[in-house]
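What follows is a short report on a single structure.
Numbering (the numbering used here), first residue to last: 21 to 291.
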């Protein structure tokens with residue numbers, strides 16, 4: 021099969037097959053949902069809540085080496101690769117533009133007698149978010165030749181951009197789950213003239229946020245979830261305490277209170 025890549029937070033990257041860890045299985049399970057029901061009378065129940073649970077990806081590999089000493093060094097290398105005191109990323113080289121943020125459960129490799137090998141080493145990779153994320157953000161150029169975008173991401177047959185200068189525009193959420201202000205917020209940066217503040221409305225989700233503070237093109241307003249910041253300083257009092265959610269697919273947005281501005285939307289998508 022294709023090789024599996026592991027990337028640590030410091031940027032160190034490991035190609036498992038190239039390092040002598042022959043990957044035999046990397047099977048992505050379907051999403052795991054927790055369904056809550058309320059019993060209604062004798063003959064039925066009402067679905068009251070749906071929650072996405074963590075995902076566990078089974079990774080099975082063989083450890084190969086040149087001799088017994090090399091085998092022991094390989095085991096220590098495996099410990100370094102899958103060290104789980106912090107998160108790391110893993111992805112299949114066939115689809116390098118989608119990655120999983122995970123940690124590894126404990127595993128004990130078993131040597132095959134006196135052979136320089138351990139077969140079927142099963143490592144469970146826990147993904148708390150339950151989803152893969154795009155390597156690219158919306159501020160990365162949409163270029164199919166750079167390995168950051170590709171098939172399966174639901175890219176529409178239209179010019180895809182996430183920097184806007186018009187009062188009406190569309191934001192495309194390419195993922196399979198909503199981008200909500202309290203869970204996976206989209207970072208929105210505003211630069212422009214708004215002497216009485218401005219209001220940004222998502223007409224698709226019927227959500228909006230009004231900035232009540234006067235700003236000029238020399239100011240930078242960043243909306244990241246529920247709290248806006250002005251030139252790097254958070255100020256919850258300078259808004260109407262609204263928030264912006266983004267549905268899956270096309271979101272139609274409108275901005276009031278300004279005509280000379282630039283809006284940048286920065287997020288990843290989740291699959």
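Just so it is clear, CB atoms sit at the ideal spot from N, CA and C, and this is done for glycine as well.
Three-way DSSP call (helix, strand, coil) for residue i in this model
i, result
"residue 295", "Because the chain is modelled from 21 through 291, residue 295 falls outside the range shown and cannot be assessed."
"residue 258", "helix"
"residue 226", "coil"
"residue 208", "strand"
"residue 141", "strand"
"residue 217", "strand"
"residue 26", "strand"
"residue 21", "At residue 21, the pLDDT of 49 sits below 50, so the modelled position is not reliable and the matter cannot be decided from this model."
"residue 274", "strand"
"residue 45", "strand"
"residue 53", "strand"
"residue 120", "strand"
"residue 189", "strand"
"residue 173", "coil"
"residue 164", "coil"
Close-in-space but distant-in-sequence residues of the same chain around residue i (CB under 6 Å, 5 per side omitted)
i, result
"residue 255", "none"
"residue 224", "267, 271, 272"
"residue 281", "212"
"residue 290", "151, 153, 195, 197"
"residue 91", "85, 136"
"residue 182", "158, 285"
Residues of its chain near residue i, where Cβ-Cβ distance is below 7 Å and the 5 sequence neighbours each way are ignored
i, result
"residue 157", "286, 287, 288"
"residue 176", "192"
"residue 247", "254, 256"
"residue 162", "169, 180"
Element boundaries [beta strand (DSSP E), containing residue i]
i, result
"residue 236", "Counting along the chain, residue 236 falls outside any beta strand (DSSP E), and DSSP gives it neither H nor E."
"residue 282", "280-286"
"residue 249", "247-250"
"residue 34", "33-35"
Proximal residues to residue i (C-beta, below 8 Å), its chain only, five neighbours per side dropped
i, result
"residue 33", "25, 26, 27"
"residue 245", "201, 202, 205, 263"
Rounded Cβ spacing between residue i and residue j (contact assumed at less than 8 Å)
i, j, result
"residue 29", "residue 106", "6 Å"
- Query: Considering only residues of the region 55-118, which uninterrupted alpha helix (DSSP H) runs meet the minimum length of 4 residues and lie entirely inside it, listed in chain order?
  - Reply: 88-101
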